[in-house]
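Below you'll find the structure, written out as structure tokens, and then a few comments.
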């Protein structure tokens, strides 16, 4: 009603305003706040509407300079990062005393002392000891040492380390304006050293990193890591109020005051399968708390996607998944890994994503007034509203990590070769596929995956056949090329223990050694699962649904999605959105026609659909086998502990008998996820039987789930389908 | 006004001189005593001067004779940039009047990116054709006429009473845009007049809107556009007498239309004061204070309005509500005064109030303390509150306001003063190492007998020293208080050059003060950017009151709106966001401005469903036909 339009905007003035816009960045207050404000609020995490349109930054190889100039000078160069609002870095001792003197810790110390009858001083000492055990002691000299060493190591191991420089600039900006949390993906031990190395290289503030206590087992290395910014947390401290309090206060103090970006792994641990893991919420809760309680204006969370062309721990992971126990971290073990140094691990791509403002995430989701009525230093369980907010945010952030994962051509090859491997096996054909056939299919898959929004790093100026052969040669431990045919390197059984004479190998051992190769390949295929998972779920849903009715397809989709929600990153409660997204992508790429009532496959859509269903097939089969195991075997006294070995044995028998074609079902990850799904659906319950963790199986239900997975039962009747 | 010592009403004496007079008057109190307990005359006895007052009143029936119709305050007082581009303040009323303020231009241009070439002058005159014709309830008019109570349906009179001083209200007036205005204005001159008017309004179903000083900043005076009945503005300004002073109990019985400056001046003549000095006291009225739960600058000594009021008489559609005695405290169920205080004109008209009075302070002293940063300043205020030794007033300005205050320094007359200023600056920034971009200043006002003031002063400065505070002299303190009253005039200057702004307040627990200040200021800046404002806004705050459990925080925010097609809408969106941020950070909906219509949407969340129900049921009983239909609060 009070518009003064016409008075204000005329052309001449608008021109002038263009010039003046700059004032926001360099105005009298130096208000740089705005530079990426827009970007944050419309952050990459939200928009999945048309991923292809998203412009992604270019990469720069940071090793290139290392190869041409002195590492020593690099390690000793002047390092002057910009900190949050110009704070001066504080000594670790000051930081510790801030934590120990915090209101929150005071409160908890008194509480613990009252509850346990111990003297408050005594409890305070314990708190202090916990903090000593936990705290980092970041020293620039150690960082310089690492910078020097890692330069040497990285140059031997990797062809290049590519970083998106624009992402670094955004990060710089974010660090100056808000407390920053770095959330890298976790695929290798290398990750956090690599992160610090990159940040040192770009003169960005070094992070403090939450690391698992198991590193502390390596005495010397543990201390080195501590001095390079790691702080150590126990893996489990469920009921220990004091520990939790020291820990959360320590993290919050560092974050709030902007002393350093806080870095942790949202997935909690390294993913052995290259699939993103279900996010862990504890630390995310802690870092969001200062914003929710108004102690800082905002917190910026920066998802970082680290993609390895070849993962250092490749076969280690596969063996671990097959049941060879994980070697305990030890310094000597690390030195044995020196053999690793002689190999070529290709390149690494590190993508620093758009900083995500916690404030904009919380906008309209969280009523911050809930903290008004209780002093903020009194620890409280987060409300349901907050829990669901943090959970949703965690999924969004993991998805942001996934989306910016760079996929190498090899990932496509691995997918194609795996599918081919299984199909040939079933058909009893000659193993492998012709090289040019592989190349043609790879080009097809390249185009498809780009349509689905994959961040594919396919060198455009190189011919496809060169791209393919370079991918194959880097992964020669997993594939063989002979007589123009490419096949998985499973026949020779070389992947078995070193020096095993082939004659003494039992069928089971041979199976396992083949499985190592299959699982390694699968881990590369898994890197592109996030691109296809929703369309693939829809493809499989169409496959198992009894008709083309949209409602029925949706029911099947919903059932599958629910079944696999521990397996893939599927945001809880987003079934409808996921269904729509899948429909959108498949319709857009001409695979489906979706009307009000029906979902129809187009003529040219069958190829894509077949590809998608076979991508998901190992998982479908795997879950079915687990169901069958629970129905068929004597599970009266089965405990959670015994589950994995027992189901593994069952699967080995099935594989040997040829009743199952997917060796990757041997992955303990899949088995655990399947069990978790069954528990979530109520088909299996954990009870306090004779032994703790005894599993009580509802066979009728498990049976029905198995049938539904196999498309033998309509999904409406199955336990979980609901719209 | 904050420094009432300098705002001498129609008098043009210099502030200092007046202050001295007041102190002298304090000393001479004894002899005056006897004469001052004169009982008030009957109603309708204006000309005869039989009430306590001896001088003419500030507010005439035709406000337009002395006040601006589209801006703040007196017509003769305004800021302008003269031909040399220097800022000056016109008129003779204030200490700053007639002075050149050399630093203002640079500050103004630098802070807002404004330019003296780009002017946005207001519509000079009120055109009567722009005012919607009055819808009169003839029967009501006839009966009012028969009572002899003065009334008017002159366009100017009606427009004057259709607004408070929210930005959007003033902005619209400057553009000559006028919405729904009252159809008629009545000027009762005593309680009985009000009783008659209210009875007639009930009888003829007319909507009544009480009007006191018109200084509302909550859209409380805006006529509800959906109101179809005739709206009658009930202007209390002529009910402005002190009816009696009771020196035994130290109370005064006053008609509710009296404005702050008159009340203080008249009481001062008898050697008393109420000590209630809200920033708007030049124009705001006693009834308005009661109706909005006002707070005064010196509440640390005298208390807020709820502490000052002993007895209230209010006329409602159901009749007159008042207590039967003047006991200082009662246990008689919920205090009915608390239904009246803060009712914002929705239940009736406050006509007479008995207020506590105090002997005038014998000695007043300003002071100021410079802190290295805002955090230290807040910590100091918290400590002062903890030790319960707050001076009459203690206010902490942030760095931006410190700079603003600096820009408002009038031209110094001698080289010596400017040399001293330079020396002070050198001492603080170079010698003490204070960063001029972080330091902030607290202004202080002490009152009482000389010895105690000096003692008190020492105590406060000692606490300040513990937080790195340096005493920075009386002048800075006094200028700080002057800032409060000129800021409203300054907004009009800003509006002449594309700059719009406003202030708003909240109260917040101590542990949240720093957080709320940081977050709200940052939110304002962020929202401005998001809404397309081309220049960083001025976003600043100060802590203006201390309490045992928290503080009152004031935010000021202004921006250059060049390039925006609907600046007021942008402004409102930003203010809305800022209020959301305040609430999310544990701040209250309002400390003393009230709710009006501007903040109604948050009432339910603020006081709970049951609380709303309680207030609604009171309204339903007291005013079932919504005669007092300004639709504030609920």
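Chains as they are written, first to last, in this note's numbering: chain A, -19 to 703; chain B, 1254 to 1887.
Here a beta-carbon is modelled for each residue, glycine too, at the ideal position from N, C-alpha and C.
This structure is a prediction, so every number in the text was calculated from the model and none was measured.
Measuring alpha carbon to alpha carbon, tell me which residue in 282/A, 390/A, 366/A and 271/A is nearest residue 325/A.
Ranking the options by Cα distance to residue 325/A, first place goes to 390/A.
Mind checking whether residue 1863/B and residue 1592/B have CB atoms under 7 Å apart?
no
By DSSP, does residue 1762/B sit in helix, in strand, or in coil?
strand
Look at residue 341/A and residue 373/A and say whether their C-beta atoms are less than 7 Å apart.
yes
Inspect the beta-carbon positions of residue 530/A and residue 577/A and report whether they are closer than 7 Å.
yes
Kindly indicate which three-state DSSP category residue 1931/B falls into: helix, strand or coil?
Here chain B comprises residues numbered 1254 to 1887, so residue 1931/B is not present and cannot be evaluated.
Which same chain residues, not among the five before or five after residue 1321/B, have their C-beta less than 6 Å away from its C-beta?
1328
Using 8 Å as the Cβ pair cut-off and three pairs as the minimum, do the segment 1499 to 1506 of chain B and the segment 1866 to 1886 of chain B touch?
Three or more Cβ pairs closer than 8 Å define a contact, and the segment 1499 to 1506 of chain B falls short of that threshold against the segment 1866 to 1886 of chain B.
Is there a Cβ from chain B that is less than 7 Å from the Cβ of residue 369/A?
no
Using beta-carbon positions only, say whether residue 611/A and residue 679/A come within less than 7 Å of one another.
yes
Taking the alpha-carbon of residue 1417/B as reference, which of 1644/B, 1584/B, 1847/B and 1856/B has the nearest alpha-carbon?
Residue 1847/B is the option with its Cα nearest to residue 1417/B.
Reducing DSSP to helix, strand and coil, say where residue 633/A ends up.
Looking at residue 633/A - three-state DSSP - the assignment turns out to be helix.
Tell me which residues of the segment 535 to 552 of chain A have at least one Cβ-Cβ distance to chain B shorter than 7 Å, keeping chain order.
Along the segment 535 to 552 of chain A, there is no position whose C-beta sits under 7 Å from a C-beta of chain B.
Sort 1342/B, 1653/B and 1332/B by Cα distance to residue 1350/B and report the nearest one.
1342/B
Could you give the residue range of the alpha helix (DSSP H) that holds residue 403/A?
389 to 407
Answer yes or no: does any C-beta atom of chain A fall closer than 7 Å to that of residue 1768/B?
Chain A, which has a Cβ nearer than 7 Å to the Cβ of residue 1768/B, makes this yes.
Quick one: is residue 1684/B buried, meaning 16 or more other Cβ sit within 10 Å of its Cβ, or exposed?
The residue in question, residue 1684/B, is exposed, as its Cβ has fewer than 16 Cβ neighbours within 10 Å.
So is residue 157/A in contact with chain B if we call contact Cβ pairs under 7 Å?
no
Within its chain, find whatever has a CB closer than 7 Å to the CB of residue 80/A; leave out the 5 residues flanking it on each side and keep chain order.
Answer for residue 80/A: 107, 108 and 111, listed in chain order.
In angstroms with no decimal places, state the Cα-to-Cα distance between residue 694/A and residue 526/A.
6 Å
Would a check of beta-carbon distances place residue 134/A closer than 7 Å to chain B?
no
Count the other CB atoms, across all protein chains shown, that sit within 10 Å of the CB of residue 1809/B; report buried if there are 16 or more and exposed otherwise.
buried
Quick check on residue 1794/B: buried or exposed, where buried means 16 or more other Cβ atoms within 10 Å of its Cβ?
buried
Report the rounded CA-to-CA distance for residue 1693/B versus residue 1650/B, giving the unit in angstroms.
6 Å
Going straight from the alpha carbon of residue 288/A to that of residue 140/A, what length do you get?
10 Å
Cα separation between residue 238/A and residue 281/A?
13 Å
Look at the alpha carbon of residue 1302/B and the alpha carbon of residue 1606/B, and state the distance between them as a whole number of angstroms.
Low confidence applies to residue 1302/B: its pLDDT is 43, below 50, so where it sits in the model is not reliable enough to give any reading.
Give me the DSSP bridge partner(s) of residue 164/A.
DSSP, once it has assigned bridges, lists 284/A as partnering residue 164/A.
In this structure, does DSSP put residue 420/A in helix, strand or coil?
DSSP places residue 420/A in the helix class (H, G or I) of the three-state scheme.
Exposed or buried, residue 1532/B, counting other C-beta atoms within 10 Å across all chains shown (16 or more means buried)?
buried
To the nearest angstrom, how far is it from the Cα of residue 1659/B to the Cα of residue 1359/B?
11 Å
Taking Cβ-Cβ distances shorter than 9 Å, what residues in chain A pair up with residue 1836/B?
Within 9 Å Cβ-Cβ: 348, 349 and 352.
In the structure shown, what three-state DSSP assignment does residue 213/A receive?
Strand.
What number of angstroms, rounded off, separates the C-alpha of residue 103/A from the C-alpha of residue 119/A?
29 Å
State yes or no: is the beta carbon of residue 1772/B nearer than 7 Å to at least one beta carbon in chain A?
True, the Cβ-Cβ gap to chain A drops below 7 Å.
Quick check: the Cα distance between residue 1469/B and residue 1885/B, rounded to an integer number of angstroms?
Taken atom to atom, the span from the alpha-carbon of residue 1469/B to that of residue 1885/B is near 12 Å.
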